[in-house]
Amino acid sequence: PLFYVAKVDDENKLMVFYERPLSATVNGFDLSVVTDCMVATPIFNAPDAPYFFLQEFKKKKGDKKDPEAQMLVAMLIAQSINDNGKPIYGGYLIGTSWKFAVLDGKNYTVSPIFEATKKADLYKIASIVRKIKTL
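197 is the number of the first residue of the sequence shown in my numbering; add one for each residue after it.
In structure tokens form, the structure reads like this:
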């Protein structure tokens, strides 16, 4: 619903894709992940150049599938696939807590926590997701 409200889809330019596999060899390591959600340029209704990933709800960090690790693997794969030197963006949720991240070259930065149960933070989350179109 958040991507719908934020109006991220932009015909022939951006599309939101769910449950899509990605894989690549990065620095000699074979990486693969199934993305919960990604924003990418579309080609025939399939993702072409991915640049934003969102890993969905996990009960807590340290669970069998760590959402930050899954997101970072997807970001590294996208960086390798795109091979254009542009930053890759992402976000992940643990419970009601959201964090956003940027991978620019070898620099990885994570935002402070945005708490979805707080109205002001919820507006910030929606604003960040809406900003995806302009990135």
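Positions of the beta carbon are idealized from the N, C-alpha and C atoms, including for glycine.
Spatial neighbours of residue 201 in its own chain (CB-CB distance under 7 Å, excluding positions within 5 residues in sequence) are listed in chain order as 322. Its Cα nearest to that of residue 240, the residue 209 stands out among 218, 233 and 209. With fewer than 16 other Cβ atoms inside 10 Å of its own Cβ, residue 224 counts as exposed.
Approximately 23 Å separates the beta-carbon atoms of residue 207 and residue 232; this is outside 8 Å, ruling out the contact. For residue 248, the closest of 318, 307 and 299 by C-alpha to C-alpha distance is 299. Separation of the CB atoms of residue 285 and residue 251 is rounded to 13 Å, and the pair is thereby denied contact status at 8 Å.
With a contact defined as Cβ atoms closer than 8 Å, residue 272 and residue 227 qualify at about 6 Å.
For residue 295, the enclosing beta strand (DSSP E) has its first and last residue at 293 to 300. If you draw a straight line from the Cα of residue 204 to the Cα of residue 279, it is about 23 Å long.
Per the coordinates, the alpha-carbon of residue 291 lies some 9 Å from the alpha-carbon of residue 311.
Unbroken beta strand (DSSP E) runs of no fewer than 3 residues, entirely contained in the segment 218 to 272, are found at 225 to 239 and 242 to 251, following chain order. Residue pairing of residue 286 in beta bridges, as defined by DSSP: 249 and 297. The three-state reading of DSSP puts residue 210 in strand, counting E and B together.
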